[in-house]
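Numbering of the sequence shown is given in our numbering, commencing with residue 269 and proceeding in unit increments. What follows is one structure encoded as structure tokens, with my remarks underneath.
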Amino acid sequence: MEAAVAAVDLRKHFPRKQVGGNILVRRLRRYVKHRRTKEVQTGASPAPAADGQTKTAGTIEDSAAGDDVILAVDGVSFEVNPGEVFGFLGPNGAGKTTTIRMLATLLEPTSGHAYICGYDVTKQSREVRRRLGVVLAGDRSLYWKLSGRENLEFFATLYHVPRRQIKGRVDELLERTQLADRADELVERYSTGMRQRLSLARALLADPPVLLLDEPTLGLDPQAARNLRALVLELKQEGRAILLTTHYMEEADFLSDRIAIIDHGKIIALDTPSGLKSRLTSDRVFRLEVAGLHGNIDCLVERVPELNIVELRQDEEAETTQLTFTMMDGQTNTAALWQAVAAAGLMVLNYTVKAPTLEDVFIALTGRGLRD
Ligand SMILES: Nc1ncnc2c1ncn2[C@@H]1O[C@H](COP(=O)(O)OP(=O)(O)O)[C@@H](O)[C@H]1O
Ligand SMILES: [Mg+2]
């Protein structure tokens, strides 16, 4: 089976903008770059690589690039299959939107390849666009001075929906996105949630096999978000491939068949939600809150070697320390834990045991919370 979306070592650099144009800083950078280049040129001549190019050439470029560019997407590879929701989960600035924009042919990759239903996004953009429905976060491309229905009719013409099918298709989509009763109002009077649903309706006009949804529930009230998630599952049932970005753990967990956790432009884990959670060394996550900012935590770790710290957080104001950890064979080691707590003279304020969440996985992988 051919993947509906395939990304192969996809990369995107943006030039770093010189806000305010600090001339001194720029000169210094140019000078450092110049020196580095010179050092390499005068250094020992490197052994030529198999393809005849020298490895050092790449190194100069990379180190120089480091100063002047933002690595928004740093070599991501993944596939999304028909009938699958693939979640792209990561904090703000991780590179989710940039990846979506490259797949949607809106942004040219710096390097790497991407295919939609086997068509190359850079070389066959027309074929690609024909198979794509795209909803971008905060999209302003709807016409606010037209009604919802007029917007859909206009875009249906633009997307070459056969004239005779337009009315039926628009009615059906207005119904599906629960906009039918407000269809003839101007979009400027719509709420954020309604505009978001109208964008999704527009993305579905040409009945595309692949959907790219960038933070589709951002800014929606809980009820609207729930409805939208239900619709996403329906669209998946119809066999569409859906790539969805989100920075909500619960959303990724609920919707996705597989999740790629992305941070600083790189995929740091890719698995099913349960596969990701099982990467934690135990099926239970413990959280212990003790009084004091230092509390004899080291002593605890020494005495309970099975204890694996996921996160250590100190609340300076309340003067408490919160320790999140997993334990190999949690049940039997709990006794050792309490002995160690008693020996260290820690005053326990709170203690919880719960099933791991994706948030725990993210913290375990990156050492920080998703909303940091
Ligand atoms: N047009 C652009 N010019 C310069 N930097 C950009 C541009 N678009 C995004 N970036 C930077 O690339 C990184 C990734 O951004 P983005 O893909 O929007 O992340 P996300 O959608 O995961 O929040 C961020 O550091 C962002 O500031
Ligand atoms: Mg984004």
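Ideal Cβ placement from N, Cα and C applies to all residues, glycine included.
Since residue i sits in a beta bridge, which residues does DSSP pair it with?
i, result
"N576", "T594"
"D482", "T513"
"V553", "K622"
"I529", "L357 and A537"
"V402", "L480"
"Q582", "T589"
"A275", "F346 and A382"
"S415", "L454"
"Y387", "I384"
For residue i, name the three-state secondary structure that DSSP assigns.
i, result
"A559", "strand"
"A382", "strand"
"Q392", "coil"
"G635", "coil"
"Y619", "strand"
"H281", "strand"
"E270", "coil"
"Q505", "helix"
"A315", "Its pLDDT being 41, under 50, A315 is placed unreliably by the model, and the measurement read from it follows with that caveat. Looking at A315 - three-state DSSP - the assignment turns out to be coil, as it is neither helix nor strand."
"A469", "helix"
"V429", "coil"
"D336", "helix"
"Q446", "coil"
"G326", "Because the pLDDT of G326 is 37, which lies under 50, any placement of that residue in the model is unreliable, and the number read from its coordinates should be weighed accordingly. G326 falls in the helix class under three-state DSSP."
"D342", "strand"
"R408", "coil"
"D728", "Residue 728 falls outside the range modelled here, since the chain spans only 269 to 640, and no answer is possible."
"S546", "coil"
"D628", "helix"
"D452", "coil"
"E376", "coil"
"Y458", "coil"
"G320", "Only weak support exists for where G320 lies, its pLDDT of 40 falling under 50; the value from the coordinates is given anyway. If DSSP states are grouped into helix, strand and coil, G320 belongs with coil."
"A608", "helix"
"A474", "coil"
"E352", "coil"
"D489", "coil"
Got a sec: does ligand 2 put a non-hydrogen atom nearer than 8 Å to the Cβ of residue i?
i, result
"D482", "yes"
"K364", "yes"
"A632", "no"
"T485", "no"
"A274", "no"
"S513", "According to the sequence as given, residue 513 is Thr; it is not Ser. It does: the Cβ of T513 is within 8 Å (strictly closer) of some heavy atom of ligand 2."
"N601", "no"
"N360", "yes"
Can you give the beta carbon distance from residue i to residue j, rounded, assuming they're within the 8 Å contact cut?
i, j, result
"K545", "L626", "7 Å"
"T592", "V621", "Wrong, their Cβ atoms sit about 11 Å apart, outside the cutoff."
"L575", "A612", "With 8 Å as the limit, L575 and A612 do not qualify as a contact, their Cβ atoms being about 12 Å apart."
"H281", "T378", "5 Å"
"L441", "L420", "6 Å"
"A610", "R571", "Not really, about 10 Å apart at Cβ, beyond 8 Å."
"I536", "T634", "7 Å"
"S415", "L454", "6 Å"
"V273", "E347", "7 Å"
"V353", "L480", "Going by Cβ atoms, the distance from V353 to L480 rounds to 12 Å, so no, they are not a contact pair."
"L499", "A424", "Actually they do not touch by this definition, with Cβ atoms about 19 Å apart."
"L278", "G380", "4 Å"
"E585", "G560", "Not a contact, Cβ separation roughly 13 Å."
"R494", "E519", "With 8 Å as the limit, R494 and E519 do not qualify as a contact, their Cβ atoms being about 10 Å apart."
Any chance the CB of residue i is under 8 Å from a heavy atom of ligand 1?
i, result
"V402", "no"
"A382", "no"
"P477", "no"
"K301", "no"
"G406", "no"
"F346", "no"
"G351", "no"
"T367", "yes"
"F282", "yes"
"K285", "yes"
"A340", "yes"
"G533", "yes"
"I530", "yes"
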